[in-house]
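A short write-up of the structure that comes next.
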Amino acid sequence: MSEATDTLLRPFRLKGLELKNRIVMAPMTRGMAEGGIPGQKQADYYRRRAEGGVGLILSEGTVVDRPSSRNLPGIPFFHGEAALAGWKGVIEAVHGAGGKMGPQIWHTGSTRAGWEPEVPVESPSGLVGPDDPRGTAMTEEDIADTIAAFARAAADAKRLGFDVAEIHGAHGYLIDQFFWSGTNLRTDRWGGATIAERSRFAAEIIKATRAAIGPDFPLILRVSQWKQQEYTSRLAATPAEMTQWLLPLVEAGVDILHCSQRRFWESEFPELDGEEGLNFAGWAKKLTGAATISVGSVGLGGDFFAAFGGQGAQAAPIDKLTRRMAKGEFDLIAVGRALISDPAWVRHLEGGADARGFDAKDLAELV
Numbered sequence: 336m337s338e339a340t341d342t343l344l345r346p347f348r349l350k351g352l353e354l355k356n357r358i359v360m361a362p363m364t365r366g367m368a369e370g371g372i373p374g375q376k377q378a379d380y381y382r383r384r385a386e387g388g389v390g391l392i393l394s395e396g397t398v399v400d401r402p403s404s405r406n407l408p409g410i411p412f413f414h415g416e417a418a419l420a421g422w423k424g425v426i427e428a429v430h431g432a433g434g435k436m437g438p439q440i441w442h443t444g445s446t447r448a449g450w451e452p453e454v455p456v457e458s459p460s461g462l463v464g465p466d467d468p469r470g471t472a473m474t475e476e477d478i479a480d481t482i483a484a485f486a487r488a489a490a491d492a493k494r495l496g497f498d499v500a501e502i503h504g505a506h507g508y509l510i511d512q513f514f515w516s517g518t519n520l521r522t523d524r525w526g527g528a529t530i531a532e533r534s535r536f537a538a539e540i541i542k543a544t545r546a547a548i549g550p551d552f553p554l555i556l557r558v559s560q561w562k563q564q565e566y567t568s569r570l571a572a573t574p575a576e577m578t579q580w581l582l583p584l585v586e587a588g589v590d591i592l593h594c595s596q597r598r599f600w601e602s603e604f605p606e607l608d609g610e611e612g613l614n615f616a617g618w619a620k621k622l623t624g625a626a627t628i629s630v631g632s633v634g635l636g637g638d639f640f641a642a643f644g645g646q647g648a649q650a651a652p653i654d655k656l657t658r659r660m661a662k663g664e665f666d667l668i669a670v671g672r673a674l675i676s677d678p679a680w681v682r683h684l685e686g687g688a689d690a691r692g693f694d695a696k697d698l699a700e701l702v
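Spelled out as structure tokens, the structure:
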């Protein structure tokens, strides 16, 4: 094992969470939960990653108790007796293999199109993107019920024995639609001209969730600048705007910011610190003091969007990653596609073996 690789394999501790290494399995939509209920194949899928040495597993997005919270069939629920029993089986399998895990709690907002048309989708202003109407604007009652649903789901995660919970606030889904000026045109307390004003919905979810789980259960929030609706979108054009966006969320109760980039090695503000400057997770840590997870095409050549077109990716060196982690730029690194094709990716890293790449055909099954 090289000294550089060893930086990824150091333990990490936060509150009661103790991880054996700094490697996180990124949440990745698989959409194979029949009827929304996770079962044995999901338990086996996550167990294999625990056996493969992943420090912390984050589940695929699993949705809260709202009528239109998921955008595809096969996405699992995180509510209801049957689904929660299924998730209980998942966490027991992961713990049995010595792993740690949290669910990614989700509401897909107005991103659904053409599926379950009898159930209208909801969003801040009835938009899926700038000037792109879809669904209905949420009422005060809708917003209150959604906040309560997130808190209830996180409390269920704790009750079932999960080690952490992650709230999905990125990629153009519901919470991110409140952040984004292109989809949040509200003139009440849930909107506003500034990112700080538009962050109120997320802050209230976090406050309610923190109250439901108590002070010691670790809470992660996933955030992104880019959206699936607009890859070049930026919520924060400057560090000052990023502080206005993220610091209130940390103060509301977030322990770890999971900062999604398309390419983790890219500088977030190159005009300030150059092409080798801090990435998104680095700036988030600097500005808020919170622990951060970085993510974005780790261990592979090519952007992850290519996977949606059926393209695989070759394994790539991780020297850029280990250099940044050795400097303490961020605390944890999330690995996505590489872990879809190779459950033992971490074991290969530990042993100095060549890593496998990503084969797009593996998206069709739970390898």
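Residue numbers (my numbering): 336 to 702. Note that CB positions come from ideal geometry on N, CA and C, so glycine has one too.
Mind checking which residues open and close the beta strand (DSSP E) that includes residue i?
{"i": "residue 397", "result": "391-398"}
{"i": "residue 352", "result": "352-354"}
{"i": "residue 438", "result": "436-441"}
{"i": "residue 462", "result": "462-464"}
{"i": "residue 359", "result": "358-360"}
Would you tell me roughly how many angstroms separate the C-alpha atoms of residue i and residue j, rounded to the nearest one?
{"i": "residue 601", "j": "residue 453", "result": "42 Å"}
{"i": "residue 574", "j": "residue 603", "result": "9 Å"}
{"i": "residue 443", "j": "residue 435", "result": "25 Å"}
{"i": "residue 355", "j": "residue 347", "result": "7 Å"}
{"i": "residue 569", "j": "residue 519", "result": "14 Å"}
{"i": "residue 576", "j": "residue 534", "result": "12 Å"}
{"i": "residue 513", "j": "residue 587", "result": "17 Å"}
{"i": "residue 524", "j": "residue 531", "result": "11 Å"}
{"i": "residue 578", "j": "residue 681", "result": "34 Å"}
{"i": "residue 487", "j": "residue 408", "result": "22 Å"}
{"i": "residue 507", "j": "residue 526", "result": "16 Å"}
{"i": "residue 666", "j": "residue 359", "result": "11 Å"}
{"i": "residue 686", "j": "residue 589", "result": "34 Å"}
{"i": "residue 493", "j": "residue 413", "result": "12 Å"}
{"i": "residue 365", "j": "residue 410", "result": "7 Å"}
{"i": "residue 624", "j": "residue 449", "result": "42 Å"}
{"i": "residue 342", "j": "residue 544", "result": "32 Å"}
{"i": "residue 406", "j": "residue 692", "result": "29 Å"}
{"i": "residue 591", "j": "residue 468", "result": "33 Å"}
{"i": "residue 472", "j": "residue 621", "result": "35 Å"}
{"i": "residue 676", "j": "residue 699", "result": "11 Å"}
{"i": "residue 539", "j": "residue 457", "result": "18 Å"}
{"i": "residue 643", "j": "residue 696", "result": "Confidence is the limiting factor: at residue 643 the pLDDT is only 46, short of 50, which leaves the residue's position unreliable and the question unanswerable from this model."}
Measuring CA to CA, which of the options is closest to residue i?
{"i": "residue 563", "options": "494, 463, 469, 658", "result": "463"}
{"i": "residue 393", "options": "692, 674, 619", "result": "674"}
{"i": "residue 598", "options": "425, 477, 702, 672", "result": "672"}
{"i": "residue 557", "options": "428, 449, 626, 683", "result": "626"}
{"i": "residue 595", "options": "611, 585, 615", "result": "615"}
{"i": "residue 606", "options": "586, 473, 572", "result": "572"}
{"i": "residue 371", "options": "395, 351, 523, 475", "result": "395"}
{"i": "residue 510", "options": "445, 422, 359, 657", "result": "445"}
{"i": "residue 566", "options": "505, 540, 684, 342", "result": "505"}
{"i": "residue 669", "options": "628, 655, 503, 696", "result": "628"}
{"i": "residue 497", "options": "423, 406, 375", "result": "423"}
{"i": "residue 377", "options": "426, 402, 343", "result": "426"}
{"i": "residue 679", "options": "439, 633, 448, 389", "result": "389"}
{"i": "residue 701", "options": "340, 363, 357", "result": "363"}
{"i": "residue 361", "options": "503, 664, 660, 465", "result": "503"}
{"i": "residue 560", "options": "522, 591, 618", "result": "618"}
{"i": "residue 515", "options": "500, 501, 499, 537", "result": "537"}
{"i": "residue 357", "options": "461, 547, 657", "result": "657"}
{"i": "residue 684", "options": "368, 653, 379, 664", "result": "653"}
Within 7 Å: the Cβ of residue i and any heavy atom of the ligand MN?
{"i": "residue 563", "result": "Of the ligands one can find in the structure shown there are none, so the ligand MN has no counterpart to examine."}
Helix or strand or just coil, what does DSSP make of residue i?
{"i": "residue 640", "result": "Reliability fails at residue 640, whose pLDDT of 49 lies under 50, so the model's placement of it is uncertain and no value is given."}
{"i": "residue 418", "result": "helix"}
{"i": "residue 367", "result": "coil"}
{"i": "residue 623", "result": "helix"}
{"i": "residue 664", "result": "coil"}
{"i": "residue 341", "result": "helix"}
{"i": "residue 630", "result": "strand"}
{"i": "residue 427", "result": "helix"}
{"i": "residue 604", "result": "coil"}
{"i": "residue 348", "result": "strand"}
{"i": "residue 654", "result": "helix"}
{"i": "residue 703", "result": "No information on residue 703 is available, as it lies outside the stretch 336 to 702 that the chain covers here."}
{"i": "residue 412", "result": "strand"}
{"i": "residue 432", "result": "coil"}
{"i": "residue 457", "result": "strand"}
{"i": "residue 616", "result": "helix"}
Which residue marks the beginning of the alpha helix (DSSP H) containing residue i, and which one marks its end?
{"i": "residue 676", "result": "672-676"}
{"i": "residue 681", "result": "680-686"}
{"i": "residue 382", "result": "375-386"}
At which residue ranges does the segment 470-518 contain complete beta strand (DSSP E) runs of 3 or more residues, listed in the order of the chain? 500-503
Would you list, in sequence order, the uninterrupted beta strand (DSSP E) runs of no fewer than 3 residues that lie entirely inside the segment 528-598? 554-559, 591-595
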